[in-house]
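Heads up, the working numbering is the position in the sequence shown plus 192, with the first residue counted as 1. By construction, the Cβ of each residue, glycine as well, lies at the ideal position given by its N, Cα and C atoms. Computed from a predicted model, the values in this text were never measured in an experiment.
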Amino acid sequence: MQQILNKIRSGHWVVMGILNVTPDSFSDGGQFNRLDHALKHALQMQKQGAEVIDIGGESTRPGAKPVSLDEELQRVIPVIATIREYSDVAISIDTSKPEVMQAAIMAGASMVNDVNALHAEGALEVCANQPVAVCLMHKQGNPQTMQDNPQYADIVDEIRQYLVARVSCCIKSGIRSENIFIDPGFGFGKTLENNLSLLKEMQQFCTLGYPVLVGLSRKSMFGALLGRDVEQRLVASTSAAVIAYRQGARFFRVHDVAETCDALKLCEAVL
Ligand code: 7PM
193 MQQILNKIRS GHWVVMGILN VTPDSFSDGG QFNRLDHALK HALQMQKQGA
243 EVIDIGGEST RPGAKPVSLD EELQRVIPVI ATIREYSDVA ISIDTSKPEV
293 MQAAIMAGAS MVNDVNALHA EGALEVCANQ PVAVCLMHKQ GNPQTMQDNP
343 QYADIVDEIR QYLVARVSCC IKSGIRSENI FIDPGFGFGK TLENNLSLLK
393 EMQQFCTLGY PVLVGLSRKS MFGALLGRDV EQRLVASTSA AVIAYRQGAR
443 FFRVHDVAET CDALKLCEAV L
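Encoded structure:
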C-alpha cells in the first residue's frame with residue numbers, strides 16, 4: 193500500500209478493481225468454486241492493471257439489505273486469505289463494520305474502504321492502530337432510502353465540509369493523514385443532477401489536500417442519463433473517469449480495469 197500511496201502522491205493514477213463476492217452468483221458451486229472464481233477474477237484484474245482489489249460483502253450498496261456480521265465475515269475473509277496466498281496485490285476491504293475491518297486486516301487487507309466514513313463505533317480505533325489506508329466516502333441517508341429524495345442546499349460545499357470534518361476525526365483518533373483518501377460518493381443519496389454537479393466540480397475536492405478516490409463505474413447515473421443498462425455503461429464510465437482525472441482525481445474504483453487503464457494512460461501521456 194505504501195508504494196500506491198507514494199505513486200498517487202507523486203501525481204500518478206491508480207486503479208482499484210471491484211471484486212464480486214455476491215453469494216448468489218456462485219453459491220451452487222460450493223466454497224471451493226466461489227473462492228476459485230474470486231481468485232481468478234482478482235488475478236485477471238491485477239494483470240489488466242489494477243493495483244488494489246476492493247472486496248465487499250455488499251452490505252453497503254444502495255437499496256441493499258443489511259448483512260449480518262457473521263455472514264459478511266464468511267463472505268469476505270476466505271476471499272482475502274486466498275488472494276493473499278497467491279498474489280501480492282493490495283487488498284481493500286469494503287465494509288462499515290469494525291469487526292470485519294479488523295479480521296480483513298489480519299487476513300492481509302491494507303486498506304479500508306468505508307462508505308460510512310468510519311462512523312461505526314470502534315471503526316476509527318481499528319484503523320488508527322494499524323498500518324492501513326482509509327477511504328472516507330460521503331453519503332446522504334442510509335442505503336435503503338437514500339435515493340428516495342436527496343436534498344442539498346449547496347452540494348459541493350456540504351460534501352467538502354463533511355469530508356473535512358471526517359478527516360479531522362480520523363486524525364484526532366490517530367490515523368495518519370498520509371493514509372487518508374476522500375471520496376464524494378457518487379450515487380449515494382444523489383440525484384442525476386447532483387452527480388453531474390459533483391463531476392463538474394471535482395476539482396473542489398481534489399484541492400482539499402487529500403487524494404481523491406472516485407467510484408463512477410457503471411453507476412445508475414449513466415442509466416438515468418443515457419437509458420443504458422448496467423452492462424452498457426462502459427463508455428460513459430471511462431469518460432467520466434477521464435473528466436475526474438482532468439480535475440485531479442487519481443484513484444479509480446472500477447469494474448472495467450483494462451479499459452479504464454487505457455483511458456488513464458492516454459490522459460497521463462497527454463499531460
Ligand atoms: C449497487 C449500487 C451495487 C451501487 C453497488 C453500488 C462506491 C464504493 C460502492 C464509491 C467507494 C458500486 C456501488 N460505490 N466505495 N462502493 N466509492 N469508496 O457501484 O463510489 O459499486 S458500491
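Comparing C-alpha positions only, which one of the options sits nearest to residue i?
i: Val324; options: Glu243, Ala432, Val304, Ala312; result: Val304
i: Thr430; options: Lys457, Gly419, Leu265; result: Lys457
i: Ala416; options: Asn212, Ser279, Asn386; result: Asn386
i: Leu316; options: Leu388, Glu460, Ser360, Asp421; result: Ser360
i: Thr383; options: Gly249, Ser412, Gly366; result: Ser412
i: Ile200; options: Gln322, Ile372, Ala428; result: Ile372
i: Ala320; options: Met329, Met338, Met293, Pro335; result: Met293
i: Tyr278; options: Val449, Leu235, Glu393; result: Leu235
i: Ile473; options: Leu388, Gly419, Ile196; result: The structure shown does not extend to residue 473, since the chain spans only 193 to 463, so no value can be given for it.
i: Glu370; options: Gly401, Phe443, Trp205, Leu231; result: Gly401
i: Leu227; options: Ala295, Val268, Leu390; result: Val268
i: Asp454; options: Met338, Gly255, Ala433; result: Ala433
i: Ala428; options: Gln336, His447, Asp262, Ala345; result: His447
i: Gly440; options: Ala450, Val318, Asp421, Glu460; result: Glu460
i: Gly381; options: Tyr344, Ala436, Gly203; result: Tyr344
i: Gly209; options: Thr274, Gly203, Lys392, Leu408; result: Leu408
i: Ala450; options: Asn198, Glu350, Ala242; result: Ala242
What's the call for residue i, buried or exposed, on a 16-neighbour Cβ count within 10 Å?
i: Thr452; result: buried
i: Val207; result: buried
i: Val462; result: exposed
i: Glu264; result: buried
i: His311; result: exposed
i: His330; result: buried
i: Gln424; result: exposed
i: Asn298; result: Correcting the residue identity first, residue 298 is Met in this sequence and not Asn. Looking at its Cβ environment, which holds fewer than 16 other Cβ atoms inside 10 Å, Met298 is exposed.
i: Gly379; result: buried
i: Ala256; result: exposed
i: Gln332; result: buried
i: Asn308; result: buried
Kindly identify the DSSP beta-bridge partner or partners of residue i.
i: Phe444; result: Val207, Val406
i: Phe373; result: Cys327
i: Ala282; result: Val244
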